[in-house]
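Take 1 as the starting number for the sequence shown in UniProt numbering and just add one per residue.
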Amino acid sequence: MTDIETPSPAAPVNAAPLNPAPVPAKKHTVNFAFLWLFVLLIVAALCAGAWQLLQQGKNQQQLVDSLRVQLEEQVKLFDDRQQALEDSLNKEFIEQQSAIQANLNELAEQVDSNNARVLALSSANRDEWKLQEAQYLLRLADQRILLEQDSQNALALAISADDVLRDIDQADLVGVRKLLAEEIAVLKVAGIIDREGIYLRLSALANQIEAIPFIEPLGTQADVFEDDVVPENETVKQRITRGFYDLLHKLGSYVRVRDHGKTINAVLPPAEQKYLQQNLRLMLEQAQVALLRNEAGIYQESLVKAQNWINQYYTLNEKASAVLQELSALETEVIAPELTNFSNSSAALTEYIAKREKMAAARRGVR
Numbered sequence: 001m002t003d004i005e006t007p008s009p010a011a012p013v014n015a016a017p018l019n020p021a022p023v024p025a026k027k028h029t030v031n032f033a034f035l036w037l038f039v040l041l042i043v044a045a046l047c048a049g050a051w052q053l054l055q056q057g058k059n060q061q062q063l064v065d066s067l068r069v070q071l072e073e074q075v076k077l078f079d080d081r082q083q084a085l086e087d088s089l090n091k092e093f094i095e096q097q098s099a100i101q102a103n104l105n106e107l108a109e110q111v112d113s114n115n116a117r118v119l120a121l122s123s124a125n126r127d128e129w130k131l132q133e134a135q136y137l138l139r140l141a142d143q144r145i146l147l148e149q150d151s152q153n154a155l156a157l158a159i160s161a162d163d164v165l166r167d168i169d170q171a172d173l174v175g176v177r178k179l180l181a182e183e184i185a186v187l188k189v190a191g192i193i194d195r196e197g198i199y200l201r202l203s204a205l206a207n208q209i210e211a212i213p214f215i216e217p218l219g220t221q222a223d224v225f226e227d228d229v230v231p232e233n234e235t236v237k238q239r240i241t242r243g244f245y246d247l248l249h250k251l252g253s254y255v256r257v258r259d260h261g262k263t264i265n266a267v268l269p270p271a272e273q274k275y276l277q278q279n280l281r282l283m284l285e286q287a288q289v290a291l292l293r294n295e296a297g298i299y300q301e302s303l304v305k306a307q308n309w310i311n312q313y314y315t316l317n318e319k320a321s322a323v324l325q326e327l328s329a330l331e332t333e334v335i336a337p338e339l340t341n342f343s344n345s346s347a348a349l350t351e352y353i354a355k356r357e358k359m360a361a362a363r364r365g366v367r
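What follows is the structure in structure tokens.
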């Protein structure tokens, strides 16, 4: 700091200063002091701001360090849990794999045991199964013959049973196969009945019934009483002659001379004609039912009755003759032939199976 000079008290007030130059130097000194003060304040403010920023930086660094530590702890905790979970899963997987392997080993042992048992089965046991199969097929064939009179299916079953016995290839079965071959031959000779074909032929005839015309009456009422035109100038003699011929014509409408060696066919009114058509159709349907039930007597009787009705009430034209010819052909069809059964071969096979089981029991030591 500089010293400031003060005036002397003895000097007059309005006296002019002796040295006017020092006044500007004083102002310059004051301004310079304020400038330094301002600079110092700015420096102090900058220092305070820098210190504040430094403190904030330290706090933020501490916060970042704290967060980093927490994050590292969380990551470590997550890694520990993940490792523990992996260890647990690996342990569980190993245990399950061990259990599965143990089950597989057990199943393998069972398979080996079953294979050993299957291999232990001799060819005789397999032959027993085939023998039982052949016996069952023969029983089915007998049922087809006895209950259904179905020779076609019975023959197929018997042939299948013979094929099974042939596959066994045992010399002791020659006798059984011989009996079975004889029964099959007899069944083949009996023939196969085409029941479906016969049934359809009867249906076709039933549909042709309405196409056959009935016998027409000898004359109609209009023809009998039809009068001739009488001439106006007719004489008495001509009138008597015309009346005589009219009488003969009327009598001729009611009387017809026939050969006594021929059967006189009946003439039916329209209502009874319709009724006869229905009965004839029912008679053919009755023959169809008898065909399915193997009732040969009813079948033959129905066809004979249908032929008699056609001969008696229908005009014997080409259509009627064709129907009668077809009915006659159907009448000759054998619908219930005498079919042989397979009792002999079944009994022989049953005896062979029993003897075989007895020998097998003796080999096993069973008494």
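Each residue gets a CB set at the ideal place from its N, CA and C atoms; glycine is no exception. Since this is a predicted model, take the numbers as computed values, not measurements.
- Sorting L104, A44, Q286, V111 by C-alpha distance to the C-alpha of S203 places Q286 at the top.
- With a threshold of 16 other beta carbon atoms within 10 Å, E183 meets it and is buried.
- In this structure, the beta-carbon distance from V164 to A348 does not fall below 7 Å.
- Beta-bridge partners assigned by DSSP to F32: none are found.
- Around the beta carbon of I42, fewer than 16 other beta carbons sit within 10 angstroms, so the residue counts as exposed.
- Cβ atoms of V323 and I212 come within 8 Å of each other, at about 6 Å.
- In this structure L280 is not in contact with A320, their Cβ atoms being roughly 12 Å apart against a cut-off of 8 Å.
- A contact between stretches requires three or more CB pairs, one per stretch, nearer than 8 Å, and the stretch 140–154 meets this requirement with the stretch 338–353.
- Under the 10 Å beta carbon count, Q52 is surrounded by fewer than 16 other beta carbons and is classified as exposed.
- The three-state reading of DSSP puts F342 in coil, since its state is none of H, G, I, E or B.
- When DSSP reads this structure, F214 sits in a beta bridge with Y314.
- Per DSSP, the unbroken alpha helix (DSSP H) holding A156 starts and ends at 151–168.
- In the three-state reduction of the DSSP assignment, D194 falls in the coil class, being assigned neither a helical nor a strand state.
- Taking every protein chain shown into account, the CB of Q110 has fewer than 16 other CB atoms within 10 angstroms, so this residue is exposed.
- Each residue's CA atom was taken as its position, placing I168 and L146 some 28 Å apart.
- Taking the Cα positions, Q62 is about 30 Å away from Q82.
- With 16 or more neighbouring CB atoms inside 10 Å of its own CB, I335 falls in the buried class.
- In the structure shown, the three-state DSSP call for T332 is coil.
- In the displayed model, T350 falls within a helix according to three-state DSSP.
- Selection S66, N103, Q278, L67 evaluated against A206 yields Q278 as nearest (Cα-Cα).
- With 16 or more other Cβ atoms inside 10 Å of its own Cβ, Y313 counts as buried.
- Excluding its 5 nearest sequence neighbours in each direction, E210 has C-beta neighbours in its own chain below 7 Å: Q277, listed in chain order.
- The DSSP-derived three-state label of R201 is helix.
- Rounded to the nearest whole angstrom, the C-alpha separation of Q74 and D112 is 55 Å.
- Taking C-beta atoms under 8 Å as the contact rule, R195 and L292 qualify, at a distance of about 7 Å.
- If you check the CB distance, L179 and N308 do not come in under 7 Å.
- The beta-carbon separation of Q135 and S328, rounded to 45 Å, does not stay under the 8 Å limit for a contact.
- Straight-line measurement puts the Cα of A48 at about 27 Å from the Cα of S66.
- For F214, the closest of L137, L138, N311, N90 by C-alpha to C-alpha distance is N311.
- L157 sits close to L140, with the two beta carbons spaced by under 7 Å.
- Shortest Cα-Cα distance from Q208 to any of Q143, E318, F93 involves E318.
- By the neighbour-count criterion, in which 16 or more other beta carbons inside 10 Å mark a residue as buried, Q288 falls on the buried side.
- In this structure I193 is buried. Its beta-carbon is surrounded by 16 or more other beta-carbon atoms within 10 angstroms.
- Taking C-beta atoms under 8 Å as the contact rule, A154 and L187 qualify, at a distance of about 7 Å.
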